[in-house]
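Inspection log for the structure reproduced underneath, given as structure tokens.
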């Protein structure tokens, strides 16, 4: 029997490096569910119908620009890997958090053995959203997320093969790693992880989550 994630996290809490940015606020205090500041622009999604679970939507470029998180939106960035695409995604999330006055805390996974405990630690911190950056996290997220449907996850630059309603992904031609033994996409291109595209990924993804457009893939 697999040990509970809470126990795993307590046993391996030192496996991940945790850093906090922008705030030292106590996340243990309850507060209302955060809502979007601003509205989606035309072309983000068909306003007459909500996307089906696991659907892929292709929003018009910039249609997410009018949506912002509330101040001190609580986000944990969960990251693994030192490859150029992962570093580009991490930089984009950090810059977005700084621009939007997000309360961002980062967990850097030390090794593959620490992945499950790191995800558990991220959930125990009590964030509004967990953002994942790095292909090495995908298989573990596929295992954990269906069992924690009250937690919201955003995967940038990759996706889960069968996401539940609490997992949103932002992907594009050149990314789209799905794990689960499926291997790397034949169209994978690390050069597609440009600063502009990674910045669009975090902004479009958060806009979708804040508007309850979850359990889908946002294709850029």
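Numbering (this note's numbering), first residue to last: 29 to 248. By construction, the Cβ of each residue, glycine as well, lies at the ideal position given by its N, Cα and C atoms. Note that this is a predicted model, so its numbers are computed, not measured.
(1) Taking just the CA atoms, how far does residue 58 sit from residue 225?
(2) Are there three or more Cβ pairs, one per stretch, closer than 8 Å when the segment 70-86 is compared with the segment 104-120?
(3) Can you give me the start and stop residues for the beta strand (DSSP E) that residue 124 sits inside?
(4) Relative to the alpha-carbon of residue 134, which residue among 119, 67, 191, 140 has its alpha-carbon at the smallest distance?
(5) Determine the contact status of residue 227 and residue 124, defining contact as a CB-CB distance below 8 Å.
(6) Please report the distance separating the alpha-carbon of residue 91 from that of residue 109.
(7) What is the DSSP secondary structure of residue 225, counted as helix, strand or coil?
(8) Going by the DSSP bridge assignment, what does residue 158 pair with across the sheet?
(9) Would you mind giving the Cβ-Cβ distance between residue 176 and residue 128, rounded to the nearest angstrom? I have them listed as a contact below 8 Å.
(10) Which term fits residue 163, buried or exposed, when burial requires 16 or more other beta carbons within 10 angstroms of its beta carbon?
(11) Go ahead and label residue 76 buried or exposed: buried means 16 or more other beta carbons lie within 10 angstroms of its beta carbon, across all protein chains shown.
(12) Buried or exposed: which applies to residue 30, given that a residue is buried once 16 or more other Cβ atoms fall within 10 Å of its Cβ?
(13) Under 8 Å, do residue 94 and residue 69 count as touching if we go by C-beta distance?
On the basis of the supplied data:
(1) Computed Cα separation, rounded: 34 Å.
(2) no
(3) Following the DSSP letters along the chain, one finds residue 124 in no beta strand (DSSP E) but inside the alpha helix (DSSP H) bounded by residues 112-128.
(4) With distances taken between Cα atoms, residue 134 lies closest to 119.
(5) yes
(6) 31 Å
(7) helix
(8) 104, 181
(9) 25 Å between Cβ atoms; not a contact.
(10) buried
(11) exposed
(12) Caution is warranted here: a pLDDT of 43 is assigned to residue 30, below 50, making its placement in the model unreliable, and the coordinate value is therefore given only provisionally. The residue is exposed, with fewer than 16 neighbouring Cβ atoms inside 10 Å.
(13) yes
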